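Numbering (this note's numbering), first residue to last: 85 to 334. Beta carbons are placed, not taken as given, at the ideal position from N, Cα and C, and that holds for glycine. These numbers come from a predicted model, not from an experiment.
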Amino acid sequence: MSDLITVQGVVLSAMPVGEYDKRIVLLTRERGKISAFAKGARRPNSPFLAVANPFVFGIFTLYEGRSSYNLNQASITHHFVELASEQPGIYYGYYFLELADYFGQEGTDEKEAMNLLYVTVKALLNPHIEDRLVRCIFELRMMAAQGLCPSLFNCVCCERQPVEGEELFFSQQNHGILDKHCLGQVNDAKRISAPALYAMQYIVTASLGKLYTFAVTEEVLYELERHIHTYVATNTEKRFKSLEILEIMS
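The following block contains the structure:
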(Lines of atoms letter the chains of each structure in order from A; the text may use other names.)
(Lines give C-alpha, C1' and ligand atoms only; values in the text may rest on other atoms or scores of the structure.)
Protein backbone atom coordinates (compact mmCIF):
# COMPACT_ATOMS: atom_id res chain seq x y z
CA MET A 85 0.00 0.00 0.00
CA SER A 86 1.22 3.51 -0.79
CA ASP A 87 1.97 5.94 2.00
CA LEU A 88 -1.15 7.26 3.67
CA ILE A 89 -2.04 10.95 3.52
CA THR A 90 -4.47 12.77 5.78
CA VAL A 91 -6.55 15.72 4.60
CA GLN A 92 -9.22 17.95 6.08
CA GLY A 93 -12.13 18.39 3.73
CA VAL A 94 -15.78 18.29 2.78
CA VAL A 95 -17.59 15.86 0.48
CA LEU A 96 -18.92 17.79 -2.51
CA SER A 97 -20.53 14.85 -4.29
CA ALA A 98 -20.84 11.08 -4.19
CA MET A 99 -21.88 8.67 -6.91
CA PRO A 100 -22.31 4.89 -6.94
CA VAL A 101 -19.69 2.78 -8.67
CA GLY A 102 -20.36 -0.87 -9.33
CA GLU A 103 -22.50 -2.76 -6.86
CA TYR A 104 -21.09 -1.61 -3.53
CA ASP A 105 -18.60 1.24 -4.01
CA LYS A 106 -18.81 5.02 -4.27
CA ARG A 107 -16.68 7.69 -5.89
CA ILE A 108 -16.56 10.86 -3.82
CA VAL A 109 -15.25 14.32 -4.67
CA LEU A 110 -13.54 16.11 -1.79
CA LEU A 111 -12.64 19.75 -1.39
CA THR A 112 -9.60 19.65 0.87
CA ARG A 113 -7.45 22.18 2.64
CA GLU A 114 -4.19 20.46 1.76
CA ARG A 115 -4.66 19.20 -1.81
CA GLY A 116 -7.57 21.15 -3.26
CA LYS A 117 -10.29 19.25 -5.09
CA ILE A 118 -9.61 15.52 -5.39
CA SER A 119 -11.66 12.39 -6.00
CA ALA A 120 -11.41 9.12 -4.13
CA PHE A 121 -12.99 5.67 -4.20
CA ALA A 122 -14.77 4.53 -1.05
CA LYS A 123 -14.79 0.77 -1.43
CA GLY A 124 -17.81 -0.98 0.03
CA ALA A 125 -19.41 2.35 1.04
CA ARG A 126 -22.85 1.13 -0.02
CA ARG A 127 -22.79 -1.96 2.17
CA PRO A 128 -25.03 -1.69 5.27
CA ASN A 129 -22.14 -2.44 7.64
CA SER A 130 -19.53 -0.29 5.90
CA PRO A 131 -17.52 2.16 8.04
CA PHE A 132 -17.92 4.59 5.10
CA LEU A 133 -21.71 4.39 4.99
CA ALA A 134 -22.24 7.77 6.68
CA VAL A 135 -18.98 9.32 5.48
CA ALA A 136 -19.34 9.05 1.72
CA ASN A 137 -22.15 11.58 1.38
CA PRO A 138 -22.45 15.27 0.45
CA PHE A 139 -22.23 17.89 3.23
CA VAL A 140 -19.93 15.69 5.34
CA PHE A 141 -17.01 17.62 6.84
CA GLY A 142 -14.20 15.58 8.30
CA ILE A 143 -10.68 14.22 8.38
CA PHE A 144 -9.99 11.75 5.57
CA THR A 145 -7.08 9.33 5.36
CA LEU A 146 -6.30 8.24 1.81
CA TYR A 147 -3.81 6.16 -0.09
CA GLU A 148 -2.90 6.81 -3.68
CA GLY A 149 -3.62 4.10 -6.21
CA ARG A 150 -2.48 3.90 -9.79
CA SER A 151 -5.15 6.25 -11.11
CA SER A 152 -6.91 7.73 -8.08
CA TYR A 153 -7.03 8.10 -4.33
CA ASN A 154 -8.71 5.46 -2.19
CA LEU A 155 -10.41 6.12 1.12
CA ASN A 156 -8.74 4.26 3.97
CA GLN A 157 -10.27 5.91 7.04
CA ALA A 158 -12.45 8.88 7.91
CA SER A 159 -13.56 10.81 10.96
CA ILE A 160 -16.64 13.03 10.70
CA THR A 161 -16.41 16.44 12.34
CA HIS A 162 -19.72 17.83 11.06
CA HIS A 163 -22.55 16.04 9.30
CA PHE A 164 -25.54 18.18 8.32
CA VAL A 165 -28.08 15.36 8.00
CA GLU A 166 -30.90 17.69 9.10
CA LEU A 167 -30.51 19.67 5.88
CA ALA A 168 -32.09 16.77 3.97
CA SER A 169 -35.50 17.65 5.43
CA GLU A 170 -35.27 21.34 4.52
CA GLN A 171 -37.20 22.39 1.41
CA PRO A 172 -35.95 24.15 -0.63
CA GLY A 173 -32.86 24.51 1.57
CA ILE A 174 -31.39 21.18 0.48
CA TYR A 175 -31.34 22.32 -3.16
CA TYR A 176 -29.65 25.58 -2.24
CA GLY A 177 -27.09 23.43 -0.42
CA TYR A 178 -26.49 21.24 -3.45
CA TYR A 179 -26.06 24.35 -5.58
CA PHE A 180 -23.42 25.69 -3.21
CA LEU A 181 -21.57 22.38 -3.41
CA GLU A 182 -21.81 22.49 -7.22
CA LEU A 183 -20.40 26.01 -7.33
CA ALA A 184 -17.52 25.03 -5.04
CA ASP A 185 -16.88 22.00 -7.25
CA TYR A 186 -16.86 24.22 -10.35
CA PHE A 187 -14.15 26.48 -8.95
CA GLY A 188 -12.18 23.83 -7.04
CA GLN A 189 -8.80 22.80 -8.41
CA GLU A 190 -6.34 20.11 -7.43
CA GLY A 191 -3.20 21.22 -5.64
CA THR A 192 -4.59 24.44 -4.14
CA ASP A 193 -5.34 25.48 -0.58
CA GLU A 194 -9.14 25.46 -0.34
CA LYS A 195 -9.41 26.44 3.31
CA GLU A 196 -11.36 29.63 2.55
CA ALA A 197 -13.89 27.85 0.32
CA MET A 198 -14.29 25.04 2.86
CA ASN A 199 -14.94 27.44 5.72
CA LEU A 200 -17.34 29.42 3.56
CA LEU A 201 -19.30 26.26 2.79
CA TYR A 202 -19.45 25.39 6.47
CA VAL A 203 -20.88 28.72 7.67
CA THR A 204 -23.23 28.80 4.67
CA VAL A 205 -24.75 25.39 5.36
CA LYS A 206 -25.25 26.45 8.98
CA ALA A 207 -27.01 29.58 7.70
CA LEU A 208 -29.37 27.44 5.62
CA LEU A 209 -30.44 25.72 8.84
CA ASN A 210 -31.13 29.04 10.55
CA PRO A 211 -34.87 29.80 10.21
CA HIS A 212 -34.23 33.51 10.75
CA ILE A 213 -32.20 33.92 7.55
CA GLU A 214 -33.92 33.94 4.15
CA ASP A 215 -32.51 31.24 1.84
CA ARG A 216 -32.52 33.69 -1.06
CA LEU A 217 -30.25 36.03 0.89
CA VAL A 218 -27.97 33.12 1.82
CA ARG A 219 -27.58 32.38 -1.87
CA CYS A 220 -26.67 36.00 -2.69
CA ILE A 221 -24.10 36.12 0.09
CA PHE A 222 -22.52 32.79 -0.80
CA GLU A 223 -22.32 33.58 -4.51
CA LEU A 224 -20.67 36.97 -4.11
CA ARG A 225 -18.28 35.80 -1.40
CA MET A 226 -17.30 32.77 -3.48
CA MET A 227 -16.62 34.98 -6.49
CA ALA A 228 -14.45 37.19 -4.30
CA ALA A 229 -12.57 34.15 -3.00
CA GLN A 230 -11.84 33.12 -6.60
CA GLY A 231 -10.37 36.52 -7.49
CA LEU A 232 -13.51 37.51 -9.40
CA CYS A 233 -14.78 40.19 -7.03
CA PRO A 234 -16.41 43.13 -8.84
CA SER A 235 -15.19 46.65 -8.13
CA LEU A 236 -17.49 47.84 -5.33
CA PHE A 237 -15.58 50.71 -3.75
CA ASN A 238 -14.31 52.69 -6.74
CA CYS A 239 -15.71 53.54 -10.16
CA VAL A 240 -14.53 50.80 -12.48
CA CYS A 241 -13.88 53.34 -15.26
CA CYS A 242 -12.27 56.37 -13.60
CA GLU A 243 -11.28 54.66 -10.30
CA ARG A 244 -12.72 57.53 -8.28
CA GLN A 245 -14.19 56.71 -4.88
CA PRO A 246 -17.83 57.84 -4.82
CA VAL A 247 -19.08 60.21 -2.17
CA GLU A 248 -22.00 59.40 0.11
CA GLY A 249 -25.39 59.85 -1.54
CA GLU A 250 -24.00 59.84 -5.08
CA GLU A 251 -26.04 58.10 -7.79
CA LEU A 252 -24.24 54.92 -8.88
CA PHE A 253 -24.67 52.15 -11.42
CA PHE A 254 -23.48 48.55 -11.80
CA SER A 255 -22.03 47.16 -15.03
CA GLN A 256 -21.83 43.41 -15.59
CA GLN A 257 -19.57 43.79 -18.62
CA ASN A 258 -17.12 46.03 -16.76
CA HIS A 259 -17.29 44.11 -13.46
CA GLY A 260 -18.25 46.83 -11.05
CA ILE A 261 -19.81 50.13 -10.13
CA LEU A 262 -19.49 53.38 -12.04
CA ASP A 263 -20.61 56.97 -11.54
CA LYS A 264 -22.95 58.88 -13.85
CA HIS A 265 -20.04 60.70 -15.48
CA CYS A 266 -18.77 57.37 -16.85
CA LEU A 267 -22.17 56.05 -18.00
CA GLY A 268 -21.39 56.84 -21.63
CA GLN A 269 -18.53 54.35 -21.63
CA VAL A 270 -20.78 51.28 -21.04
CA ASN A 271 -24.08 50.08 -22.42
CA ASP A 272 -25.31 47.66 -19.75
CA ALA A 273 -25.31 49.82 -16.59
CA LYS A 274 -28.18 49.41 -14.13
CA ARG A 275 -28.79 51.67 -11.16
CA ILE A 276 -27.67 50.28 -7.81
CA SER A 277 -29.08 51.66 -4.56
CA ALA A 278 -26.97 52.64 -1.58
CA PRO A 279 -28.37 49.84 0.65
CA ALA A 280 -27.70 47.17 -2.02
CA LEU A 281 -24.16 48.44 -2.62
CA TYR A 282 -23.46 48.58 1.11
CA ALA A 283 -24.69 44.98 1.48
CA MET A 284 -22.39 43.84 -1.32
CA GLN A 285 -19.45 45.70 0.20
CA TYR A 286 -20.16 44.05 3.55
CA ILE A 287 -20.38 40.59 1.97
CA VAL A 288 -16.91 40.79 0.44
CA THR A 289 -15.19 42.28 3.52
CA ALA A 290 -16.88 40.81 6.60
CA SER A 291 -15.28 38.01 8.60
CA LEU A 292 -16.90 34.61 8.01
CA GLY A 293 -18.22 34.62 11.55
CA LYS A 294 -20.26 37.75 10.84
CA LEU A 295 -21.17 37.03 7.24
CA TYR A 296 -24.72 35.87 7.90
CA THR A 297 -25.68 38.35 10.60
CA PHE A 298 -27.71 40.90 8.66
CA ALA A 299 -31.07 41.17 6.94
CA VAL A 300 -32.36 43.32 4.09
CA THR A 301 -35.75 44.47 2.86
CA GLU A 302 -37.51 42.57 0.09
CA GLU A 303 -36.75 45.43 -2.29
CA VAL A 304 -33.02 45.30 -1.56
CA LEU A 305 -33.00 41.50 -1.73
CA TYR A 306 -34.56 41.62 -5.18
CA GLU A 307 -31.90 44.10 -6.26
CA LEU A 308 -29.10 41.92 -4.86
CA GLU A 309 -30.50 38.92 -6.74
CA ARG A 310 -30.61 40.88 -9.98
CA HIS A 311 -27.01 42.04 -9.73
CA ILE A 312 -25.34 39.02 -8.11
CA HIS A 313 -27.10 36.16 -9.92
CA THR A 314 -26.38 37.79 -13.27
CA TYR A 315 -22.77 38.37 -12.27
CA VAL A 316 -22.27 34.70 -11.39
CA ALA A 317 -23.97 33.51 -14.58
CA THR A 318 -21.80 35.88 -16.63
CA ASN A 319 -18.59 34.62 -15.03
CA THR A 320 -19.27 30.88 -15.08
CA GLU A 321 -19.66 28.52 -18.00
CA LYS A 322 -21.90 25.88 -16.54
CA ARG A 323 -25.60 25.30 -16.11
CA PHE A 324 -26.00 24.05 -12.53
CA LYS A 325 -28.54 21.24 -12.14
CA SER A 326 -29.66 22.28 -8.67
CA LEU A 327 -30.44 25.78 -9.92
CA GLU A 328 -32.80 24.29 -12.48
CA ILE A 329 -34.66 22.54 -9.66
CA LEU A 330 -34.80 25.77 -7.63
CA GLU A 331 -36.24 27.62 -10.61
CA ILE A 332 -38.94 24.98 -10.98
CA MET A 333 -39.81 25.26 -7.28
CA SER A 334 -39.93 29.07 -7.26
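**Study point:** Under the three-state DSSP convention, the category Arg310 falls into
**Key:** Position 226 of the sequence shown, counting from 1, holds the residue named residue 310. Three-state DSSP puts Arg310 in a helix.
Exercise for review: Provide the residue span of the alpha helix (DSSP H) that contains Arg244, from first to last.
Suggested key: What you label residue 244 is simply residue 160 of the sequence shown in a count that begins at 1. Here Arg244 belongs to no alpha helix (DSSP H), and DSSP marks it neither H nor E.
**Study point:** Proximity of Ala280 and Leu308 at Cβ, strictly below 8 Å
**Key:** Taking the sequence shown and counting its residues from 1, the one referred to as residue 280 is at position 196. Taking the sequence shown and counting its residues from 1, the one referred to as residue 308 is at position 224. Yes. Within cutoff.
Point to revise | Same chain, Cβ closer than 6 Å to Ile143, five either side skipped, listed in chain order | key: Position 59 of the sequence shown, counting from 1, holds the residue named residue 143. Contacts found: Gln92 and Ser159.
Practice item. Keeping to the same chain, check which residues put their C-beta closer than 7 Å to that of Asn156; ignore five residues upstream and five downstream. Key: One-based indexing of the sequence shown puts residue 156 at position 72. Within the same chain, Asn156 has close Cβ partners Leu88, Thr145, Leu146 and Tyr147.
Check your understanding: With a CB to CB cut of under 6 Å and the five nearest residues on each side skipped, what residues in its chain are close to Asn258?
Key -> Within the sequence shown, the letter at position 174 stands for residue 258. Correct list, in chain order: Val240 and Val270.
Review point. Rounded C-beta distance between Val288 and Leu232? I'm assuming under 8 Å.
Key: Stepping through the sequence shown from its first residue, residue 288 is reached at position 204. Stepping through the sequence shown from its first residue, residue 232 is reached at position 148. Their Cβ separation, rounded to whole angstroms, is 11 Å, which puts Val288 and Leu232 out of contact at 8 Å.
Practice item. Decide if Arg275 is buried, meaning its Cβ has at least 16 other Cβ atoms within 10 Å, or exposed. Key: Translated into the one-based positions of the sequence shown, residue 275 becomes position 191. Counting Cβ neighbours within 10 Å, Arg275 comes out exposed, since fewer than 16 surround it.
Review point. Which residue's Cα is closest to the Cα of Pro131: Leu252, Leu110 and Lys106?
Key: Indexing the sequence shown from 1 puts residue 131 at position 47. Ranking Leu252, Leu110 and Lys106 by Cα distance to Pro131 puts Lys106 first.
Check your understanding: Is Arg113 closer than 8 Å to Asp193 when the C-beta atoms are compared?
Key -> In the sequence shown, residue 193 corresponds to position 109, counting from 1. In the sequence shown, residue 113 corresponds to position 29, counting from 1. A contact, by the Cβ cut-off of 8 Å.
Practice item. With DSSP collapsed to three states, give me the class of Phe187. Key: If you number the sequence shown from 1, residue 187 lands on position 103. Residue state, collapsed to three classes: helix.
Check your understanding: Grouping DSSP H, G and I as helix and E and B as strand, with all else coil, what is Phe237?
Key -> On the sequence shown, position 153 is the one that residue 237 refers to. Phe237: coil per DSSP, three-state reduction.
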